[in-house]
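Here's the structure we're looking at; comments come further down.
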Amino acid sequence: MTRTKNTIFNIIYSVINKVINIISPFLIRTLMIYYFGVKYLGINSLFASILQILNTAELGFSTAVVFSLYKPMAENDEKEICSILNFYRKMYRIIGLFVLLVGITIIPLLPKLINDDIPSNINIYIIYAIYLINTVCSYCFFSYKSSVFIASQNNRIISNVNTFIFIFQTILQVVIIVFYKNYYLYLIMMPLFTLFNNLFIGYLSNKKFPNYNPRGKISNESKNIITKKVKGLFISRICTMTRNSLDSIFISTILGLTAVAVYSNYYYIMNSVLGLLSTITIAMTSSVGNSLVLESKEKNYLDMRIFDFVFSWIYGVCTIMMLCLYQPFVKIWVGDGISANLGLAISFCLYFYCLNMGSIRAVYHDAAGLWWEARFRAIFETILNLVLNFVLTYKFGMVGTVIGTLIAMFLINFCYGSTIIFDYYFIGFPKKEYYLDHLKYFLSTILVSVPTYFISTLLYKNSIMSLLITGLVVFIIASIGTFFIFSKFSIYSKSKEYFINKMKINRRKVTSNQGSEIPCE
Numbered sequence: 063m064t065r066t067k068n069t070i071f072n073i074i075y076s077v078i079n080k081v082i083n084i085i086s087p088f089l090i091r092t093l094m095i096y097y098f099g100v101k102y103l104g105i106n107s108l109f110a111s112i113l114q115i116l117n118t119a120e121l122g123f124s125t126a127v128v129f130s131l132y133k134p135m136a137e138n139d140e141k142e143i144c145s146i147l148n149f150y151r152k153m154y155r156i157i158g159l160f161v162l163l164v165g166i167t168i169i170p171l172l173p174k175l176i177n178d179d180i181p182s183n184i185n186i187y188i189i190y191a192i193y194l195i196n197t198v199c200s201y202c203f204f205s206y207k208s209s210v211f212i213a214s215q216n217n218r219i220i221s222n223v224n225t226f227i228f229i230f231q232t233i234l235q236v237v238i239i240v241f242y243k244n245y246y247l248y249l250i251m252m253p254l255f256t257l258f259n260n261l262f263i264g265y266l267s268n269k270k271f272p273n274y275n276p277r278g279k280i281s282n283e284s285k286n287i288i289t290k291k292v293k294g295l296f297i298s299r300i301c302t303m304t305r306n307s308l309d310s311i312f313i314s315t316i317l318g319l320t321a322v323a324v325y326s327n328y329y330y331i332m333n334s335v336l337g338l339l340s341t342i343t344i345a346m347t348s349s350v351g352n353s354l355v356l357e358s359k360e361k362n363y364l365d366m367r368i369f370d371f372v373f374s375w376i377y378g379v380c381t382i383m384m385l386c387l388y389q390p391f392v393k394i395w396v397g398d399g400i401s402a403n404l405g406l407a408i409s410f411c412l413y414f415y416c417l418n419m420g421s422i423r424a425v426y427h428d429a430a431g432l433w434w435e436a437r438f439r440a441i442f443e444t445i446l447n448l449v450l451n452f453v454l455t456y457k458f459g460m461v462g463t464v465i466g467t468l469i470a471m472f473l474i475n476f477c478y479g480s481t482i483i484f485d486y487y488f489i490g491f492p493k494k495e496y497y498l499d500h501l502k503y504f505l506s507t508i509l510v511s512v513p514t515y516f517i518s519t520l521l522y523k524n525s526i527m528s529l530l531i532t533g534l535v536v537f538i539i540a541s542i543g544t545f546f547i548f549s550k551f552s553i554y555s556k557s558k559e560y561f562i563n564k565m566k567i568n569r570r571k572v573t574s575n576q577g578s579e580i581p582c583e
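Sequential numbering from 63 applies to the sequence shown in my numbering.
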């Protein structure tokens with residue numbers, strides 16, 4: 063199967079998986095607010111954030127292993143693949159034990175992280191223990207074998223497994239919430255299904271790749287490569303953790319559990335849209351990694367510009383739709399009492415746009431394995447984000463939290479971080495062109511978003527049907543508006559030519575395959 067076909071199939075299956083992973087938590091969050099109350103949702107968000115911080119102990123190890131598997135997979139070097147898997151399994155056992163021990167030491171600090179009254183009928187220590195066990199389970203029982211599917215461009219198999227298991231988990235959790243109203247039983251489903259998920263992936267791996275089993279000693283060369291990548295990835299993971307997980311902890315400590323629940327609802331909406339878009343970039347990574355090995359830098363640079371153009375177009379439309387629909391959707395979903403002002407919605411829209419600006423560049427960055435080279439970028443962003451979050455959350459509340467993260471992300475992750483791919487891979491290629499491209503895309507999105515927002519305020523009339531109609535109109539206006547502007551850019555013709563050529567190549571291959579079939583007699 064070609065790189066293009068693999069990417070397309072991986073995107074399709076990942077999108078289906080993401081849609082289910084959006085709908086299911088939405089249903090669970092809604093039922094939790096209705097049956098248990100907003101503070102339970104706040105506790106869930108807080109503990110999930112704490113455990114995400116503990117997950118930085120993973121060091122980005124899985125990403126480094128997938129990177130190290132690209133070459134032996136392409137060369138069908140079975141011995142090297144098995145030795146890498148053996149090393150991966152051993153390290154995951156060590157990481158799981160480390161997470162468990164550190165997680166236990168955090169237990170005495172839990173009350174200090176909650177600046178609010180805790181519901182009287184729950185024990186935060188039991189709840190935290192269940193979350194901790196769930197996290198530790200994610201490192202046990204064949205979880206390392208998912209890397210084989212990813213490195214071989216079979217992400218869709220992992221997506222299918224995750225989808226079906228998550229559906230069953232959600233169904234059981236809904237039944238427990240609605241009919242039994244047992245919060246602890248609802249939580250226990252998480253580690254049980256995590257364990258089952260790992261076991262099933264192990265079974266599928268043994269069936270599809272029977273020769274790829276953890277055995278043998280990894281070569282010093284491969285070990286050194288993985289170790290170096292992990293060092294850079296660890297710093298990058300800490301940066302991502304401070305960007306995503308510490309926000310909830312700051313808000314809980316300073317503003318309380320209700321504020322965490324409100325913030326997490328807005329973050330959930332943004333992250334859901336982000337998750338759908340990330341299926342594109344995640345599915346591209348292994349194919350881009352293959353392209354970096356086989357194609358010239360000139361072709362890869364042009365490809366990156368084309369993908370950046372198309373992706374900016376897509377997330378630009380998404381940003382405009384979020385701006386117009388954020389507040390109406392939240393108020394219909396959870397009511398005015400658990401919604402924030404327009405400032406928080408605008409902040410999250412800017413956050414969303416800024417985060418996506420570097421997404422395609424990040425695909426090439428990850429595929430090239432430049433994590434160690436990016437270590438200072440991650441360190442600077444982490445420090446700036448921590449300082450700004452602390453200061454601005456105290457001064458401006460939840461909006462300050464988002465703005466602090468946004469400033470650090472734009473200045474360090476995008477402005478400084480984008481130079482790394484040019485310094486270490488696209489050496490000699492024009493950085494200025496890259497930044498000017500994104501400036502044009504951003505200004506174009508702003509130009510379309512302002513009139514679209516005012517039109518949406520005239521259309522929306524506080525009902526679900528009105529929200530749907532407004533959403534459709536906003537989508538049409540945003541799509542036409544951005545198309546009109548984006549089609550004027552010079553990269554548009556190159557992008558159009560690229561995708562037309564891809565379709566012609568795929569059509570010829572399909573025709574060729576059909577013509578070579580032997581008819582039945």
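All residues carry an ideal CB built from backbone N, CA and C; glycine is no exception.
To the nearest angstrom, how far is it from the Cα of Glu579 to the Cα of Trp375? Taking the first residue of the sequence shown as position 1, residue 579 is located at position 517. Taking the first residue of the sequence shown as position 1, residue 375 is located at position 313. Summary for Glu579: the model assigns pLDDT 46, below 50, so the residue's position carries little reliability; its value from the coordinates is reported in the next sentence. The alpha-carbon atoms of Glu579 and Trp375 are separated by roughly 40 Å.
Fully enclosed by the region 456–539, which beta strand (DSSP E) runs are 3 residues long or longer? Runs found: none.
Run the CB neighbour count on Phe296, radius 10 Å, all protein chains shown included, and call it buried at 16 or more, exposed below. For the purposes of this step, residue 296 is taken as the residue at position 234 of the sequence shown. Phe296 comes out buried.
Measure the alpha-carbon distance for Tyr456 versus Gly104 and round it to whole angstroms. Locating residue 456 in the sequence shown gives position 394, counting from the first residue. Locating residue 104 in the sequence shown gives position 42, counting from the first residue. The C-alpha of Gly104 is placed about 19 Å away from the C-alpha of Tyr456.
Specify the secondary structure class of Glu137 as computed by DSSP and reduced to three states. Position 75 of the sequence shown holds residue 137. Looking at Glu137 - three-state DSSP - the assignment turns out to be helix.
Give me the Cα-Cα distance between Val335 and Gly278, rounded to the nearest whole angstrom. In the sequence shown, counting from the first residue as 1, residue 335 sits at position 273. In the sequence shown, counting from the first residue as 1, residue 278 sits at position 216. One C-alpha to the other measures close to 43 Å.
Among the residues of its own chain, which have a CB less than 6 Å from the CB of Gly351, if the five just before and after it don't count? As a first step, residue 351 is located in the sequence shown; it is residue number 289 there, counting from the start. In the same chain as Gly351, and ignoring 5 residues on each side of it, the C-beta atoms closer than 6 Å to its own belong to Tyr132 and Ala429, in chain order.
Top-ranked residue by Cα proximity to Ala321, from Ile526, Phe458 and Lys80: By one-based count along the sequence shown, residue 321 stands at place 259. That would be Phe458, whose Cα lies nearest to the Cα of Ala321.
On the criterion of 16 or more Cβ atoms from any shown chain inside 10 Å, does Val292 qualify as buried, or is it exposed? For the purposes of this step, residue 292 is taken as residue 230 along the sequence shown, with counting starting at 1. Buried, by the Cβ-count rule.
Hey, quick one: how far does the alpha helix (DSSP H) through Leu432 stretch, first residue to last? Position 370 of the sequence shown holds residue 432. Taken as a continuous stretch (DSSP letters only), Leu432 belongs to no alpha helix (DSSP H), as it is neither H nor E.
Grab the span of the alpha helix (DSSP H) containing Ser409 for me, first residue to last. Residue numbering aside, residue 409 sits at position 347 when the sequence shown is read from its first letter. For Ser409, the uninterrupted alpha helix (DSSP H) run begins and ends at Leu404 to Met419, by DSSP.
Of all the options Val536, Ile82, Lys101 and Tyr97, which has the alpha carbon lying nearest to the alpha carbon of Leu317? What you label residue 317 is simply residue 255 of the sequence shown in a count that begins at 1. Measuring C-alpha to C-alpha distances from Leu317 to each of Val536, Ile82, Lys101 and Tyr97 identifies Lys101 as the nearest.
In whole angstroms, what is the alpha-carbon distance linking Leu448 and Ile156? Within the sequence shown, numbered from 1, the residue matching residue 448 stands at position 386. Within the sequence shown, numbered from 1, the residue matching residue 156 stands at position 94. Leu448 and Ile156 have their C-alpha atoms roughly 29 Å apart.
Spatial distance of Ala470 from Glu443 (CA atoms): As a position in the sequence shown, residue 470 is number 408, starting the count at 1. As a position in the sequence shown, residue 443 is number 381, starting the count at 1. Rounded to whole angstroms, Ala470 to Glu443 spans 6 Å at the Cα level.
Assuming contact is defined by CB atoms lying nearer than 7 Å, are Leu163 and Ile186 in contact in what I supplied? On the sequence shown, residue 163 is found 101 positions in, with the first residue counted as 1. On the sequence shown, residue 186 is found 124 positions in, with the first residue counted as 1. No, the pair does not count as a contact, with Cβ atoms beyond the cut-off.
Which whole-angstrom value describes the C-beta separation of Phe98 and Tyr190, a residue pair presumed to lie in contact below a C-beta threshold of 8 Å? Residue mapping note: residue 98 aligns to position 36 of the sequence shown, counting from 1. Residue mapping note: residue 190 aligns to position 128 of the sequence shown, counting from 1. Incorrect: roughly 17 Å between the Cβ atoms, too far for contact.
Suppose you measure from the CA of Val77 to the CA of Ala424; what does that come to, to the nearest Å? Stepping through the sequence shown from its first residue, residue 77 is reached at position 15. Stepping through the sequence shown from its first residue, residue 424 is reached at position 362. In a straight line, the C-alpha of Val77 is about 20 Å away from that of Ala424.
Thinking C-beta only, is Ser314 closer than 7 Å to Ile176? Locating residue 176 in the sequence shown gives position 114, counting from the first residue. Locating residue 314 in the sequence shown gives position 252, counting from the first residue. It is a contact, given that the beta carbons lie within the stated cut-off.
Leaving out the 5 sequence neighbours to the left and right, which residues in its chain are closer than 7 Å to Val198 when beta-carbon positions are compared? Within the sequence shown, numbered from 1, the residue matching residue 198 stands at position 136. Taking C-beta separations shorter than 7 Å and ignoring five residues to either side along the sequence, the partners of Val198 in its chain run Gly158, Val161 and Leu162, following chain order.
Can you tell me which of the three DSSP states Phe559 falls into? Position 497 of the sequence shown holds residue 559. Checking the sequence shown, residue 559 turns out to be Glu, not Phe. Three-state DSSP puts Glu559 in a helix.
Use the C-beta contact count for Val355: other C-beta atoms within 10 angstroms, 16 or more gives buried, fewer gives exposed. Position 293 of the sequence shown holds residue 355. With fewer than 16 other Cβ atoms inside 10 Å of its own Cβ, Val355 counts as exposed.
Same chain, Cβ closer than 6 Å to Thr343, neighbours up to 5 away in sequence not counted: Here residue 343 corresponds to residue number 281 of the sequence shown, with the count starting at 1. Only Ser421 and Val425 meet the Cβ criterion.
Nearest to Ile615 by CA position, among Gln389, Val512, Phe484 and Ile188, is which residue? The displayed coordinates of the chain run from 63 to 583. Any statement about residue 615 would go beyond what the structure contains.
Evaluate contact between the region 491–498 and the region 471–482, counting only Cβ atoms and requiring at least three cross-stretch pairs below 8 Å. Yes: at least three Cβ pairs fall under 8 Å.
When the Cα atoms are used, what is the spatial distance from Pro581 to Ile567? Reading the sequence shown from its first residue, position 519 is the one you call residue 581. Reading the sequence shown from its first residue, position 505 is the one you call residue 567. Any reading at Pro581 must be qualified, since the residue scores a pLDDT of 39, below 50, and its modelled position is unreliable; no value is offered.
Classify Asp370 as buried or exposed, calling it buried when 16 or more other Cβ atoms lie within 10 Å of its own Cβ. Taking the sequence shown and counting its residues from 1, the one referred to as residue 370 is at position 308. That one is buried.
Rounded to whole angstroms, what is the Cα-Cα separation between Leu521 and Lys80? Residue mapping note: residue 521 aligns to position 459 of the sequence shown, counting from 1. Residue mapping note: residue 80 aligns to position 18 of the sequence shown, counting from 1. Using only the alpha carbons, I get a separation of about 30 Å.
Using DSSP with H/G/I as helix, E/B as strand and the rest coil, what is Ala191? As a working mapping, residue 191 is identified with position 129 in the sequence shown. When secondary structure is reduced to three states using DSSP, Ala191 falls in the helix class.
Given this structure, state the Cα-to-Cα distance separating Ile227 from Phe491, to the nearest angstrom. By one-based count along the sequence shown, residue 227 stands at place 165. By one-based count along the sequence shown, residue 491 stands at place 429. Taking the CA atoms as reference points, Ile227 sits about 45 Å from Phe491.
Host alpha helix (DSSP H) of Tyr102 (start-end): Counting from 1 along the sequence shown, the entry for residue 102 is found at position 40. That run of the alpha helix (DSSP H) goes Val100 to Leu116.
Beta-carbon within less than 8 Å of Leu534's beta-carbon, same chain only, minus the 5 sequence neighbours each way: which residues are those? Working through the sequence shown from its first residue, we reach residue 534 at position 472. Once the five neighbours on either side are set aside, Leu534 has no close Cβ partner at all.
Residue interval of the alpha helix (DSSP H) (run including Cys386): Here the question's residue 386 lines up with position 324 in the sequence shown. Residues Lys359 to Val396.
How would you write the range of the alpha helix (DSSP H) that Gln235 sits in, first residue to last? Counted from its first residue, the sequence shown places residue 235 at position 173. Boundaries of the alpha helix (DSSP H) around Gln235: Asn217 to Val237.
Can you tell me the Cβ-Cβ gap for Tyr413 and Leu468, rounded? I've got them flagged as a contact below 8 Å. Here the question's residue 413 lines up with position 351 in the sequence shown. Here the question's residue 468 lines up with position 406 in the sequence shown. The Cβ separation is near 5 Å, so the contact holds.
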